[in-house]
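J.: Sequential numbering of the sequence shown, starting at 1136, is according to the numbering used here. We treat Cβ as the ideally placed atom computed from N, Cα and C, and that holds for glycine.
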Amino acid sequence: MIRIEDLTKRFGSFTAVDNLNLHVRRGEVFGFLGPNGAGKTTTMKIIIGLMRPTAGRVQVAGMDVGSESIRTRRLIGYIPDHPFLYEKLSGREFLLFIAGVYGMDLTAARRRAGELLRLFELEKWTNELIESYSHGMKQRLIMAAALLHRPELVVVDEPMVGLDPRGAVLVKTIFKNLCTSGSGTVFLSTHTLEVAEELCDRVAILHLGKVVAQGSMDEIRRQAGDDGSGRLQELFLRLTGGADVTRALQGFEV
């Protein structure tokens, strides 16, 4: 579904993404992990067509994002970590506005919007202005908007931010069902490693713009030199230098 080849992105003398190669299969939940500043958000913005790479290329569903950006964007739903919403619109009005952006048939858009508002438990607030929504409700609304046009690929940046436990379970179930039904692929970035371990079929761990490990949990364990029982958090720290911080704090009294 996604093929990244020799991807590099520089900002002046700083290299945010360094010769990245990655293949995400259709129908899987793929975790894209790394510490702050690793290059995750930059990579995601290139995938969805919001940023151009310095070198290399990205393909979505066999199409080049650089030369066929309009076609690829129609296949993608993007869920950012900080939702941008038109808060003087109601939830329903916002979804219909997004439907217009994608050129959806109005009758079909109204039906789909109603289904998603029910699915994300926002039906009671359908006609309320978004400015009255809680942060978690806004996050669920932006997820509904990302799924409105039935995208083949959903790119998600920190999906659980602001969600209560019920909302988090709902979202995890939706992502998993989206992939197991064969209707979509999820490319997921999160700092909540328990979520990644629970949800993802495979993960890639990024550090200083480079992939330091990728694959299934068993493959990540082998690449990290683990005996086969390590949890993702332990492996992540080992691969990204976080274990040094843990050792430095041993014996330190707060």
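1) With H, G and I counted as helix, E and B as strand and the rest as coil, what does DSSP make of R1373?
2) Grouping DSSP H, G and I as helix and E and B as strand, with all else coil, what is M1136?
3) Going by Cα to Cα distance, which pick from V1195, A1196, T1177 is closest to R1187?
4) Sorted by chain position, which residues of the same chain lie with C-beta nearer than 6 Å to R1337's C-beta, five sequence neighbours on each side aside?
5) Comparing alpha-carbon positions, which option in E1203, G1302, L1298 lies nearest L1185?
6) Please name the residue in F1371, D1353, L1372, E1369 whose C-alpha comes closest to that of G1363.
7) Between the segment 1226–1233 and the segment 1246–1264, can you find at least three pairs of beta-carbon atoms closer than 8 Å?
8) For my contact list, I1211 and P1286 are in at a C-beta cut-off of 8 Å; report their separation, rounded to the angstrom.
9) Rounded to whole angstroms, what's the CA-CA distance from V1346 to A1339? Just pull it up for me.
10) Just reading off the beta strand (DSSP E) that N1156 is part of, what are its end residues?
11) Can you say whether A1151 is buried or exposed, counting buried as having 16 or more other CB atoms within 10 angstroms of its CB?
12) Which class does L1384 belong to by DSSP, given the choice of helix, strand or coil?
13) Whether or not the segment 1138–1154 and the segment 1304–1315 are in contact is what I'm after, with contact meaning three or more pairs of Cβ atoms, one per stretch, closer than 8 Å; do they touch?
14) Kindly indicate which three-state DSSP category M1198 falls into: helix, strand or coil?
15) What three-state label does DSSP hand F1146 in the structure shown?
16) Contact between the segment 1189–1206 and the segment 1232–1252: three or more CB pairs below 8 Å?
17) Quick check: what's the CA-CA separation for L1374 versus L1168?
T.: So, to answer that:
1) The answer is helix: DSSP assigns R1373 an H, G or I state.
2) M1136 falls in the coil class under three-state DSSP.
3) Among V1195, A1196, T1177, the Cα nearest to that of R1187 is on T1177.
4) Answer for R1337: F1165, G1350, S1351, listed in chain order.
5) Of the candidates E1203, G1302, L1298, the one whose C-alpha sits nearest the C-alpha of L1185 is E1203.
6) Here the closest residue by C-alpha is D1353.
7) Touching, yes.
8) P1286 and I1211 do touch by the CB rule: their CB atoms are close to 5 Å apart, below 8 Å.
9) Between the alpha carbons of V1346 and A1339 lies a distance of about 7 Å.
10) Unbroken beta strand (DSSP E) run through N1156: 1149–1159.
11) Result: buried.
12) Residue confidence for L1384 is low, a pLDDT of 47 falling below 50, so the modelled location carries little weight; the figure read from the coordinates is stated next. Three-state DSSP puts L1384 in a helix.
13) Between the segment 1304–1315 and the segment 1138–1154 there are fewer than three C-beta pairs closer than 8 Å, too few to call the two in contact.
14) Of the three classes helix, strand and coil, the one that applies to M1198 here is strand, per DSSP.
15) When DSSP states are grouped into helix, strand and coil, F1146 belongs to the strand group.
16) The answer is no - the segment 1232–1252 does not touch the segment 1189–1206, with fewer than three Cβ pairs under 8 Å.
17) Inter-residue distance for L1374 and L1168 is about 11 Å (C-alpha atoms, whole angstroms).
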